[in-house]
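So the structure is just underneath, and the comments pick up after that.
Numbering (the working numbering), first residue to last: 68 to 444.
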């Protein structure tokens, strides 16, 4: 099977989901290409699109929230959005690529590639089957104007939101959000700590702001440190700064050896498994990774938009504790998760609420669609 996976670098979650699917398909012997379709125009354009999003989230999350709200308003207008028309030039480039490199199935882990697919499908009865994979626990603006063959959603609880937005129910596949097989590992906490060079008996609190290092990380560290110094004698904070070089230098200068500070890491699954509590913004992918790993989770204030829906869903299901900018809410959450019974309840809810095998089921669907397409070509 020839598979094409399309993603976009507006946050790390979309690419992480795409890589998880690529890993699974290749393990099954399929030839798989993963790409950012904007690179077909130029690498500069791809970087500019991803970079603009990251900078907005890092420096002006309220502006991102406003744009998300405007998107919800525009989606009520009975016509294609500006997003669709802005992607036509890239869609034509993708069409040229597919003529030279035919595939049996296309998977999109981002809205923009789904818009490209929609444009190319018009009037083309032989277009390969397509799957859109949602990486947040909500139907984001303009999903409804896309035309993929299937829409993989996090679970049955999100079906109503997609249906009310206009996605046909028969196209929905509530299979979950795909994560790397490393998060499914049966490695024990002690084994993970040994691999990472961490002490076997210390309590570790893992703090991350996603791939872009978003959020008021330093203020959160201050609150956690005060709690640790007063209540947890033998504990340490591990901070993942992501790709945010400026944040890394700032934290390094401010805290020195008082925390374990790490840049972007390919060992995120091991760090989650090694820690006692995971504290992060409610990204769809990172939240799913935490639930699949089975680690107590505290969600910081979300970036306005889809993350607001993510944290609402996780809190409602008892799979995480939400805190706000007030320090006492973080202290209360840490105190609650210092109780083994509370931890056990949360981990049980995570196991029941988030499918760990989404990656495999999505690839099963891709194989089925590709075989069906190949038989009628």
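C-beta atoms are modelled at their ideal positions from N, C-alpha and C, and glycine is treated no differently.
For residue i and residue j, I'd like the C-alpha separation in whole angstroms.
i	j	result
residue 71	residue 435	15 angstroms
residue 380	residue 204	7 angstroms
residue 446	residue 245	Nothing about residue 446 can be read from this structure; the chain reaches only from 68 to 444.
residue 411	residue 257	18 angstroms
residue 261	residue 298	26 angstroms
residue 429	residue 259	28 angstroms
residue 193	residue 391	50 angstroms
residue 165	residue 200	20 angstroms
Helix, strand or coil for residue i per DSSP?
i	result
residue 197	strand
residue 95	coil
residue 102	strand
residue 170	coil
residue 290	helix
residue 302	strand
residue 260	helix
residue 209	coil
residue 253	coil
residue 347	strand
residue 204	coil
If we count the other Cβ atoms within 10 Å of its Cβ and call it buried at 16 or more, is residue i buried or exposed?
i	result
residue 320	exposed
residue 155	exposed
residue 62	Absent from the model: residue 62. The displayed extent of the chain is 68 to 444, so no value can be given.
residue 415	exposed
residue 370	buried
residue 182	buried
residue 94	exposed
residue 96	exposed
Among the options, which one has its Cα closest to the Cα of residue i?
i	options	result
residue 419	243, 401, 257 and 309	243
residue 225	439, 421 and 190	421
residue 212	227, 184, 193 and 202	184
residue 80	178, 163 and 384	178
residue 239	214, 251 and 254	214
residue 168	150, 181, 195 and 152	195
residue 324	345, 292, 340 and 103	292
Would the stretch 77 to 95 and the stretch 157 to 176 be scored as touching if the rule is three or more Cβ pairs under 8 angstroms?
yes
Determine contact between the stretch 254 to 268 and the stretch 285 to 296, defined as no fewer than three beta-carbon pairs at a distance below 8 angstroms.
no
Is it the case that the stretch 343 to 358 contacts the stretch 376 to 396, given that we only count it when at least three CB pairs across the two stretches are under 8 angstroms?
yes
Any 3 or more C-beta pairs closer than 8 angstroms across the stretch 158 to 168 and the stretch 389 to 398:
no
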